[in-house]
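In my numbering, the protein residues as written are 11 to 134. To start, the structure itself, in structure tokens.
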């Protein structure tokens, strides 16, 4: 499977209304390689389009609307990468959730389950 690129999906511009998230994570080099592949939806039930851009920002777009909901800056090192900055959309026309804790759990789930292929329970 080839690496997901921004041009692989119809996307909306990044929202102007954002909230910084206190998202902390580190990834070893093998995990970074998996994350870097991103995710291009293959079926209607696939709800996310995820790609890593050339500046090491990982973007999470809803597949049906193209809205960018999350973005995570990865800071590379010899061992892999760690999260620098993360934000969530707070544009009410694109994303209605306002619970930062719930967003942190969902973002972690998306990385673990969709990008790293781990068995992870969907957060409630």
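Ideal Cβ positions, reconstructed from N, Cα and C, are used throughout, including at glycine. Bear in mind the structure is a predicted one, so any value in this text is a computation, not a measurement.
Sub-8 Å separation of residue i and residue j beta-carbons
| i | j | result |
| --- | --- | --- |
| residue 29 | residue 110 | yes |
| residue 118 | residue 71 | no |
| residue 39 | residue 89 | yes |
Continuous beta strand (DSSP E) stretch holding residue i: start and end
| i | result |
| --- | --- |
| residue 130 | Note, residue 130: premise wrong, no beta strand (DSSP E); not H, not E. |
Best match in the options for proximity to residue i [C-alpha to C-alpha]
| i | options | result |
| --- | --- | --- |
| residue 69 | 129, 132, 130 and 14 | 14 |
| residue 97 | 67, 75, 72 and 119 | 67 |
| residue 50 | 95, 16, 93 and 132 | 16 |
| residue 92 | 18, 33, 115 and 24 | 33 |
Please confirm if the segment 62-82 is in contact with the segment 101-108, defined as three or more CB-CB distances below 8 Å between the two stretches.
-> yes
Check whether the segment 117-133 touches the segment 58-66, taking contact to mean three or more Cβ pairs, one atom from each stretch, closer than 8 Å.
-> yes
Segments assigned alpha helix (DSSP H), at least 4 residues, entirely inside the segment 32-108 | 39-47
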